[in-house]
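Reading through the structure tokens given below for one structure.
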Ligand SMILES: Nc1nc2c(ncn2[C@@H]2O[C@H](COP(=O)(O)OP(=O)(O)OP(=O)(O)O)[C@@H](O)[C@H]2O)c(=O)[nH]1
Ligand SMILES: [Mg+2]
């Protein structure tokens, strides 16, 4: 009798779209070959595109109003329920906006739990720029990912996309979509040479590099020339649709390569380049935006009151 009876198989890829930005990015990704979950604290960003069976709305919440500290203790105990309904796969992608209250808190809680369970997870994060409040949230969200990485002693690979001045959200969302599609291609388990352990090894390269686990920047390219420009690359995964095009580049500690069937991935070649120093640049770009806002705001004045002592004002403030 065969001992290889059919049983429960862990899925290959799961994508968790969290908060308003996450849900918006998920709208154009309904065709991806992955388990998908849409998770938020309010139903305001839900549309008919978000399949009800894939939606998780937290209990006793009506959004976070961009207040991360307020929402954290409310949603934290609900995270095990999210992971029971939408269990981690061999490879997990968590997508959220870093600037709000809900998406990055929910997403970071999921990342933390997954790392505790020794799962492989990458983050795609989008930062807003329109107010000091959102930039502050992004800085704290990034520090939170760094904190989780230190506590769990695991790398967190983070693809960061910054909203641009005068650039519509839809353009930034296209970029985020591309990253999610590319990551689904990387982790589809359909390529010659590249197995689950190779992708795990690419993500968890620290011991090979002899460096402390950290929050790391993950950049994704469709050509080798641009990929080669990344400074101090630590770990590189590449997919080629033409074996003859394969040429290693840079001096990473870890590389892994898969050969994909022509037309089966979103580009002729894809490169997933991990570095750690890029996080400094991300933080600096957010600090610069904050500083410029502070410069403008320092000129703002507190207006003098229109009331004066001779006005007939009653106890409730009525001037009659
Ligand atoms: N690129 C992009 N940015 C967005 C989008 N929606 C919102 N943002 C930006 O992200 C910030 C946070 O918004 P959300 O992601 O909706 O926030 P949330 O995670 O739902 O958190 P709360 O609404 O505070 O509960 C906003 O201030 C914008 O800067 C989007 O669809 N695309
Ligand atoms: Mg929201």
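In our numbering, the protein residues as written are 1 to 320.
Beta carbons are placed, not taken as given, at the ideal position from N, Cα and C, and that holds for glycine.
Note that the structure is a prediction, hence the values are computed from the model and not measured.
Enclosing alpha helix (DSSP H) for residue i [first to last residue]
i           : result
residue 134 : 132-152
residue 286 : 278-297
residue 235 : Per DSSP, residue 235 belongs to no alpha helix (DSSP H); it is in the beta strand (DSSP E), 233-240.
residue 167 : Premise fails: residue 167 is in no alpha helix (DSSP H) and is neither H nor E.
residue 79  : 79-85
residue 113 : 103-116
Burial state of residue i (16 or more Cβ within 10 Å)
i           : result
residue 274 : buried
residue 1   : The pLDDT assigned to residue 1 is 47, lower than 50, so where the model puts this residue is not dependable, and the model offers no usable value.
residue 103 : buried
residue 318 : exposed
residue 303 : exposed
residue 117 : exposed
residue 17  : buried
residue 65  : exposed
residue 62  : exposed
residue 227 : buried
residue 256 : buried
residue 307 : exposed
residue 252 : buried
residue 185 : buried
Selected residue, minimal CA-CA separation from residue i, among the options
i           : options              : result
residue 244 : 262, 110 and 229     : 262
residue 143 : 105, 165 and 121     : 105
residue 224 : 270, 134 and 196     : 270
residue 151 : 97, 111 and 289      : 111
residue 229 : 57, 320, 278 and 212 : 278
residue 92  : 235, 107, 101 and 80 : 107
residue 176 : 219, 149 and 196     : 219
residue 217 : 178, 123 and 247     : 123
residue 12  : 236, 32 and 41       : 32
residue 87  : 26, 179, 34 and 98   : 34
heavy atom of ligand 1 below 8 Å from residue i C-beta
i           : result
residue 18  : yes
residue 263 : no
residue 136 : no
residue 66  : yes
residue 56  : no
residue 24  : yes
residue 36  : no
residue 318 : no
residue 69  : no
residue 182 : no
residue 166 : no
residue 111 : no
residue 117 : no
residue 130 : yes
residue 21  : yes
residue 158 : no
residue 60  : no
residue 176 : yes
residue 161 : yes
residue 173 : yes
First through last residue of the beta strand (DSSP E) which encompasses residue i
i           : result
residue 159 : 156-162
residue 257 : 254-259
residue 221 : 215-221
residue 29  : From DSSP, residue 29 is part of no beta strand (DSSP E); its letter is neither H nor E.
residue 205 : Note, residue 205: premise wrong, no beta strand (DSSP E); not H, not E.
residue 14  : 13-18
Residues bridged to residue i [DSSP beta-bridge criterion]
i           : result
residue 96  : 125
residue 50  : None, per the DSSP bridge assignment.
residue 40  : 57
residue 191 : BP columns for residue 191 are empty, so no partner.
residue 323 : The question about residue 323 has no answer, for the chain in this structure spans 1 to 320.
residue 275 : 217 and 233
residue 35  : 14
residue 23  : For residue 23, which the question treats as bridged, DSSP gives no partner whatsoever.
residue 270 : 239
residue 319 : 313
residue 249 : For residue 249, which the question treats as bridged, DSSP gives no partner whatsoever.
Any non-hydrogen atom of ligand 2 closer than 8 Å to residue i Cβ
i           : result
residue 41  : yes
residue 44  : yes
residue 99  : no
residue 102 : yes
residue 344 : Missing from the structure shown is residue 344; the chain here goes from 1 to 320 and no further.
residue 63  : yes
Proximity test, Cβ basis, 9 Å: residue i and chain B
i          : result
residue 31 : Checking the listed chains, one finds no chain B in this structure; it contains a single protein chain.
Cβ-heavy atom distance, residue i to ligand 3, below 8 Å
i           : result
residue 126 : Among the ligands modelled here, namely ligand 1 and ligand 2, ligand 3 does not occur.
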